[in-house]
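First up is the structure itself, then whatever we jot down about it.
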Amino acid sequence: MDTIQKSAKLNGVCYDIRGPVLEHAYRLEEEGHRIMKLNIGNPASFGFAAPDEIIQDVIYNLPNAEGYVASRGLFAARKAIMQECQKLRVPNVDIDDIYLGNGVSELIVMSMQALLNNGDEMLIPAPDYPLWTAAVNLAGGKAVHYMCDEQSDWYPDIEDIKAKITDKTRGIVVINPNNPTGAVYSQALLEQIVALAEEKGLIIFADEIYSKILYDDTDFVPLGRLVTDTLCISFNGLSKSYRLAGFRSGWMIVSGAKHKAKNYLEGIEMLASMRLCANVPAMFAVQTALGGYQSINELILPGGRLHDQRDAALTALNDIPGISCVKPKGALYLFPKIDLDLHKIKDDQQMVLDFLIQEKVLLVQGTAFNWPERDHLRIVFLPREDELTRAIERFGHFIQRYRQ
Ligand code: PLP
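Quick note, the numbering used here runs 156 ahead of the 1-based positions in the sequence shown.
What follows is the structure, given as structure tokens:
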């Protein structure tokens, strides 16, 4: 009898990027099938090597990484992040405003645990990167989703944000460049969000992990540069731009009106101390990564793998009748729309599962990103162009025949 129950804290916590469909994919692999995994933004598994100088530096420093370090992280790494803030013109960041974590993921969970009381609300985009919603729910808060508008390059709908602010709203999450839509927000839009947050006293949580993965000369504006009157917490790390997802190395930067948040910041410090410190060998990668040659630029310019794969995947998708996709300006994903008048889909998770079983390609359904309709899916454009377009063509053939 199944008598050992999970904690009630986990009711409503869900992270479907690694959900039941992935479990099914693992079973198919155990049976000997080769699965093309277009579900997770893990550059290393598609032959994107991390910069060699970073790997060498970590190997060189491994003998010095045996002990715990300060809970916030290694001084040299935080100093390098501080300099990066100066380069990006993000003011008011001292060395103690920087926390290193086991990936951005750990810090997202920590920042929500330290803030939220039961019933406190957090504004989160729809679609979102679902860890944010999960982290809010785990902390006892309520994720309130504001809509992003596909017709307007997936920009957040400011009126919808305004309409959803209540006296319980504590903060707003902005994911820029965005996962899953690939949107990159203009300074004008970010200024509108900041003005609203400052007026209503909301904390801004800026997930900027894709800040260096930009296409078509698109500018990235860090939110920390624009915030003065409210608290801003920005997140970034090595997983994507430096292809080091397995190192589990990320950081969180506190800026803006820090004087209003002494108590909250004490809470964050407490949680950082309770886990002693993050993985130390990976911290040795940070200084070399930020200060070294930025090889990501070769991948995102025309002729570079990421740029060209994005274009090829976008064309292949838009060639499928009943599928349309907004061109991503950043990050690693496409979030195409399925015309439900043409393709009858009642359950998008079932559709993704059926596609996996028939064609051995793994995608993620749109509802996994807290998108309210069953009419989207997310594709990672990391595989090489020929494999990627073949997988999308297979989806095209599949969807033409598919009925639920
Ligand atoms: N934030 C966003 C928007 C992401 O897409 C991801 C990973 O896909 C993360 C955070 C987590 O990154 P990390 O590997 O640093 O935990």
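Just so it is clear, CB atoms sit at the ideal spot from N, CA and C, and this is done for glycine as well.
query, result
"Kindly examine ligand 1 and report whether one of its heavy atoms sits closer than 7 angstroms to the Cβ of S390.", "no"
"Can you give the Cα-Cα distance for E315 and D305, rounded to whole angstroms?", "11 angstroms"
"Taking the DSSP output, what are the residues bridged to A282?", "M303"
"In the DSSP assignment, what are the bridge partners of E277?", "K298 and T325"
"Specify, as a first and last residue, the run of the alpha helix (DSSP H) that N419 falls within.", "K418 to M430"
"Out of curiosity, what's the CA-to-CA distance linking L446 and D373?", "21 angstroms"
"Taking V300 as the reference, give the member of L294, T289, P176 and D309 with the closest Cα.", "T289"
"Would you say the beta carbon of I365 comes nearer than 7 angstroms to a heavy atom of ligand 1?", "yes"
"Take Y224 and list the residues in its own chain whose beta-carbon comes closer than 6 angstroms to its own, dropping the five residues that flank it on each side.", "L432 and C433"
"Skipping 5 residues on each side, what residues in its chain have a beta carbon closer than 7 angstroms to that of E549?", "A472"
"Can you tell me whether D363 is helix, strand or coil according to DSSP?", "strand"
"Do you know whose CA, among R461, F511 and D495, lies nearest I191's CA?", "F511"
"Considering just the uninterrupted stretch of the beta strand (DSSP E) at R466, what are its terminal residues?", "That residue, R466, is in no beta strand (DSSP E); its alpha helix (DSSP H) goes R461 to N474."
"For K368, tell me which candidate among Y216, L457 and E543 has the shortest Cα-Cα distance.", "L457"
"Looking only at DSSP bridge pairs, what is G486 linked to?", "L370"
"Which partner residues does I331 have in the DSSP bridge list?", "D363"
"Compare the Cα-Cα distances from G203 to each of I424, M238 and L462 and report the closest residue.", "L462"
"Would Y302 and D313 qualify as a contact pair, given that the criterion is a beta-carbon distance under 8 angstroms?", "yes"
"Alpha carbon to alpha carbon, how far is V350 from Y449?", "33 angstroms"
"From what residue to what residue does the beta strand (DSSP E) around F403 run?", "Note, F403: premise wrong, no beta strand (DSSP E); not H, not E."
"So does the stretch 230 to 239 actually touch the stretch 370 to 386, counting three or more Cβ pairs closer than 8 angstroms?", "no"
"Taking the alpha helix (DSSP H) that F202 falls in, what are its first and last residues?", "Where F202 is concerned, there is no enclosing alpha helix (DSSP H), given that its DSSP letter is neither H nor E."
"Would you say the beta carbon of Y171 comes nearer than 7 angstroms to a heavy atom of ligand 1?", "no"
"Under 7 angstroms from any heavy atom of ligand 1, does the C-beta of L352 make it?", "no"
"If I328 sits next to L358, beta carbons under 8 angstroms apart, how far is it from one beta carbon to the other, in whole angstroms?", "5 angstroms"
"Our contact map puts R127 next to D504 with C-beta atoms below 8 angstroms; I'd like the distance itself, whole angstroms only.", "The first residue shown for the chain is 157 and the last is 560, placing residue 127 beyond what the model contains."
"Buried or exposed: which applies to Y216, given that a residue is buried once 16 or more other Cβ atoms fall within 10 Å of its Cβ?", "exposed"
"CA-CA distance, C388 and G552?", "43 angstroms"
"When you compare only the Cα positions, how much space is there between I479 and Q212?", "44 angstroms"
"Label E277 either buried or exposed according to how many other C-beta atoms from any shown protein chain fall within 10 Å of its C-beta, with 16 as the threshold for buried.", "buried"
"Going by DSSP in three states, H532 sits in which element: helix, strand or coil?", "strand"
"Can we count S429 as close to ligand 2, meaning its CB is less than 7 angstroms from some heavy atom?", "Absence of ligand 2 from the depicted structure is noted, with ligand 1 being the only ligands included."
"Are there three or more Cβ pairs, one per stretch, closer than 8 angstroms when the stretch 478 to 497 is compared with the stretch 337 to 351?", "yes"
"Quick check: what's the CA-CA separation for Y420 versus N273?", "12 angstroms"
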